[in-house]
Amino acid sequence: MKQYFSLFRIRFINGLQYRAAAFAGLTTQFAWGFMEILAFSAFYRANPAAFPMEFSQLVSYVWIQQAFLALFMPWGVGGNAVEAIVSGNIVYDLARPMDIYNRWFFETIADRVSRATLRCAPILMVAFILPPSFRMALPSNLWQLSMFLISAVSAMCVVTVYCLLDYMSAFYTMSRYSAIFVILADFLAGGVLPIPFFPAPFRKVVELLPFAAMQNMPLRIYSGNISGTDAVRGIGLQLFWLAVMLIFGKWLMKRSLKRTVTQGG
Amino acid sequence: MITLTNINKTFKIAKRQAGFGRAVKALFSREYTLIRALNDVSFSIADGEMVGYIGPNGAGKSTTIKIMCGILTPDRGECVIDGRTPWRNRVAHVREIGVVFGQRSQLWWDVPIIDSFELIRDIYKTDAKTYQNSLDELTALLDLSELLKTPARSLSLGQRMRCEIAASLIHNPKILFLDEPTIGLDAVSKIAVRQFIKKLNAERGTTVILTTHDMQDIEALTRRILLIGKGRILLDGSLDELKKRSTERKTLVVEYIGNAPVLCEGMTPCETREGRVVITLDPVILSVSDAITRLAAQVSLTDVSVLDVSAEEMVAGLYKEYEI
Numbered sequence: 692m693k694q695y696f697s698l699f700r701i702r703f704i705n706g707l708q709y710r711a712a713a714f715a716g717l718t719t720q721f722a723w724g725f726m727e728i729l730a731f732s733a734f735y736r737a738n739p740a741a742f743p744m745e746f747s748q749l750v751s752y753v754w755i756q757q758a759f760l761a762l763f764m765p766w767g768v769g770g771n772a773v774e775a776i777v778s779g780n781i782v783y784d785l786a787r788p789m790d791i792y793n794r795w796f797f798e799t800i801a802d803r804v805s806r807a808t809l810r811c812a813p814i815l816m817v818a819f820i821l822p823p824s825f826r827m828a829l830p831s832n833l834w835q836l837s838m839f840l841i842s843a844v845s846a847m848c849v850v851t852v853y854c855l856l857d858y859m860s861a862f863y864t865m866s867r868y869s870a871i872f873v874i875l876a877d878f879l880a881g882g883v884l885p886i887p888f889f890p891a892p893f894r895k896v897v898e899l900l901p902f903a904a905m906q907n908m909p910l911r912i913y914s915g916n917i918s919g920t921d922a923v924r925g926i927g928l929q930l931f932w933l934a935v936m937l938i939f940g941k942w943l944m945k946r947s948l949k950r951t952v953t954q955g956g
Numbered sequence: 038m039i040t041l042t043n044i045n046k047t048f049k050i051a052k053r054q055a056g057f058g059r060a061v062k063a064l065f066s067r068e069y070t071l072i073r074a075l076n077d078v079s080f081s082i083a084d085g086e087m088v089g090y091i092g093p094n095g096a097g098k099s100t101t102i103k104i105m106c107g108i109l110t111p112d113r114g115e116c117v118i119d120g121r122t123p124w125r126n127r128v129a130h131v132r133e134i135g136v137v138f139g140q141r142s143q144l145w146w147d148v149p150i151i152d153s154f155e156l157i158r159d160i161y162k163t164d165a166k167t168y169q170n171s172l173d174e175l176t177a178l179l180d181l182s183e184l185l186k187t188p189a190r191s192l193s194l195g196q197r198m199r200c201e202i203a204a205s206l207i208h209n210p211k212i213l214f215l216d217e218p219t220i221g222l223d224a225v226s227k228i229a230v231r232q233f234i235k236k237l238n239a240e241r242g243t244t245v246i247l248t249t250h251d252m253q254d255i256e257a258l259t260r261r262i263l264l265i266g267k268g269r270i271l272l273d274g275s276l277d278e279l280k281k282r283s284t285e286r287k288t289l290v291v292e293y294i295g296n297a298p299v300l301c302e303g304m305t306p307c308e309t310r311e312g313r314v315v316i317t318l319d320p321v322i323l324s325v326s327d328a329i330t331r332l333a334a335q336v337s338l339t340d341v342s343v344l345d346v347s348a349e350e351m352v353a354g355l356y357k358e359y360e361i
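These protein sequences, in sequence, are chains G and X.
If you count the first sequence from 1, you need to add 691 to reach my numbering.
If you count the second sequence from 1, you need to add 37 to reach my numbering.
Rendered as structure tokens:
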């Protein structure tokens with residue numbers, strides 16, 4: 692386990708030094724958060740009855756999402772793995788006494804946590820002191836908060852095992868980009884629009900997909916949109932998809948490595 | 038102990054011809070070429086040996102190294118290294134070996150070298166004491182003390198290569214694979230790296246397998262050479278043996294005072310001018326000492342030098358001989 696911790700550590704140190712990137716990210720997330728909330732508030736004012744979430748829930752949803760974007764986003768993390776595959780540097784990873792799947796998993800998690808660490812505090816601070824209607828609220832009780840924490844960790848793991856599948860597609864495509872994969876995941880996970888806003892029949896299907904086990908779950912639990920036994924069931928869904936994608940990912944890795952060819956030098 | 042028996046590896050490469058029309062066609066039906074990278078490769082290397090693995094580009098050197106490191110799975114054949122089959126027990130196997138790919142980097146680009154080293158220590162689960170000894174030794178031998186706190190991106194190629202080699206040896210491996218370790222290095226760095234490898238082999242008894250295009254590496258380091266071409270092992274022997282084999286002829290450069298000497302059988306003049314003659318000698322007919330005696334009897338010699346072929350020429354000759 693120590694080796695994974697060290698990997699986590701170096702990746703964390705590595706992530707912390709990109710201050711300019713953190714600052715730029717912070718600005719984007721503020722701007723995005725405000726825009727989103729303002730747009731939704733216009734809709735809400737037009738017809739509160741047609742609004743599928745309470746407005747206060749939506750505000751918390753957006754701020755938590757922006758504060759912890761790096762934990763849940765399906766793109767832009769763990770670029771090293773794809774680079775290693777495409778450039779062939781994976782030979783060095785293979786020359787280490789370590790399981791590559793686990794290695795990439797921990798590296799991606801470390802990447803997420805280091806980025807979130809740099810960015811979450813300022814966003815949370817501001818979100819808690821905004822005027823009341825745009826202010827982020829705390830979860831209604833301790834139970835809800837602990838459900839949120841469990842669900843957040845699960846969501847991070849789910850999106851990471853999904854990303855690993857995405858990295859592994861580079862074994863076959865030899866491409867650094869896999870835009871469709873990630874945009875689809877982001878949309879269906881409620882990254883652009885919370886899932887309650889989806890039209891009814893479509894929404895029923897989406898709620899069961901692995902993407903619903905990503906940011907959708909912790910954000911809605913935090914905001915109180917999902918609570919009680921629904922939250923427990925939601926976490927169950929997360930663990931189910933985590934297990935499925937983990938097993939599939941490990942199998943795919945084994946298969947990919949067997950047919951990997953590293954050319955040139 | 039490393040034993041390879043009839044290792045075969047074929048790569049399937051998608052072939053595409055130039056031009057737009059053909060590029061569109063290739064979207065629908067692809068042509069593949071099969072490249073036989075390794076064709077019944079067999080050899081064995083004993084513990085503590087230092088072996089130079091040479092051959093032109095694309096001969097299969099790196100493929101062999103990657104198979105021995107457990108990175109590639111061959112199509113057929115067996116490879117047993119200290120009782121392990123590399124691609125079957127990859128994790129257990131790579132713990133015991135070190136590998137340097139001269140054209141790639143294993144150091145973390147943006148963090149100080151020492152952080153990379155510590156990560157490697159933890160990955161290999163090297164205990165603190167062994168690590169410290171190893172690090173001290175490597176720092177002294179490779180002159181790293183100034184470099185350890187610098188991020189890899191700020192190092193020169195030569196400095197980085199020294200760090201790369203150190204990084205591959207932190208866990209004290211029994212076998213070291215070096216895939217073009219001196220590529221792109223200046224003369225001073227090359228000599229430093231060579232001396233280090235030599236010392237490592239002598240003191241730790243590490244088995245070293247080295248691929249290179251630099252014949253000076255081979256001359257300085259290895260007694261045994263494996264020549265590979267078109268996926269086959271063509272020669273396996275000592276550098277001296279190969280030299281003998283590839284050169285029947287020697288070149289004699291003679292400077293003298295007096296009249297031009299009369300050459301006897303076995304000597305062919307290739308360059309003559311006043312006071313100097315260059316002779317090609319066939320040692321089967323006439324030995325070098327006999328030739329000098331004959332010449333000395335006729336003229337007063339001021340300078341005689343016997344030229345052997347260099348490893349460089351020898352290998353070029355071998356490539357030509359085997360048409361690879």
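Just so it is clear, CB atoms sit at the ideal spot from N, CA and C, and this is done for glycine as well.
Remember, predicted model here, so these are calculated numbers, not experimental data.
Comparing alpha-carbon positions, the option among V883/G, A904/G, F878/G and K895/G lying closest to T851/G turns out to be A904/G. The straight-line gap separating the alpha-carbon atoms of I701/G and R67/X is approximately 43 Å. If you check the CB distance, D216/X and T248/X come in under 7 Å.
Runs of the alpha helix (DSSP H) spanning 4 or more residues and lying entirely within the region 92-179 of chain X occur at 98-105, 127-131, 150-160 and 165-179, in chain order.
By the rule that beta-carbons nearer than 7 Å mark a contact, F138/X touches chain G. Nearest Cα to I212/X within the set S226/X, I220/X, A74/X and N238/X: N238/X. Annotation: M764/G to D877/G spans about 7 Å, alpha carbon to alpha carbon. When DSSP states are grouped into helix, strand and coil, Y858/G belongs to the helix group. Residues P830, P909, I912 and Y913 of the same chain have their beta carbon placed closer than 7 Å to that of F839/G, with the five preceding and five following residues left out of the count. According to the DSSP assignment, R806/G belongs to no beta strand (DSSP E) but to the alpha helix (DSSP H) extending over I791 to I820.
Here R158/X is buried. Its C-beta has 16 or more other C-beta atoms within 10 Å. With respect to the C-alpha of P320/X, the residue from T305/X, R310/X, T309/X and C116/X having the closest C-alpha is T305/X.
Around I814/G, the same chain offers L717, Q720, F721, G724, W754, Q757 and A758 as residues with beta carbons nearer than 8 Å, after the five sequence neighbours per side are excluded. Within its own chain, the residues whose Cβ lies closer than 6 Å to the Cβ of G89/X, once the five positions on either side in sequence are excluded, are L247, I255, T259 and I262, listed in chain order. Interface criterion met: the Cβ of C106/X is under 7 Å from a Cβ in chain G. The CB of M789/G comes closer than 8 Å to the CB of V128 and I160 in chain X, given here in chain order.
Straight-line measurement puts the Cα of S324/X at about 37 Å from the Cα of I234/X. If you check the CB distance, S337/X and I294/X come in under 7 Å. Taking 7 Å as the cut-off, the Cβ atoms of I322/X and L289/X do not count as close. Per DSSP, the unbroken beta strand (DSSP E) holding I246/X starts and ends at T244 to T248. Judged by DSSP in its simplified three-state form, V225/X adopts helix. Rounded to the nearest whole angstrom, the C-alpha separation of K693/G and R141/X is 26 Å.
Looking only at R197/X, G120/X, K62/X and T163/X, the smallest Cα-Cα distance to I207/X is reached by T163/X. If one requires a minimum length of 4 residues, the alpha helix (DSSP H) runs lying completely within the region 699-762 of chain G are 710-737 and 746-758, in chain order. At a cut-off of 7 Å between beta-carbon atoms, I701/G makes contact with chain X. Sorting A204/X, P123/X, G221/X and S275/X by C-alpha distance to the C-alpha of D251/X places G221/X at the top.
In the structure shown, the three-state DSSP call for K949/G is helix. None of the residues of the region 822-851 of chain G has a beta carbon lying less than 7 Å from any beta carbon of chain X. Contact annotation for V245/X against chain G: no contact, minimum CB-CB distance about 16 Å [criterion: below 8 Å]. The CB of T110/X comes closer than 7 Å to the CB of K949 in chain G, given here in chain order. Annotated as distal: I265/X and G135/X, with beta-carbon spacing of 7 Å or more. A residue is called buried when at least 16 other Cβ atoms come within 10 angstroms of its Cβ; Y695/G meets this threshold and is buried. Listed as beta-bridge partners of V314/X by DSSP are V291/X and T309/X. Boundaries of the alpha helix (DSSP H) harbouring N907/G: N907 to S914, taken from the DSSP string.
Its Cα nearest to that of I791/G, the residue I776/G stands out among V804/G, D802/G, R803/G and I776/G. In the displayed model, S275/X falls within a strand according to three-state DSSP.
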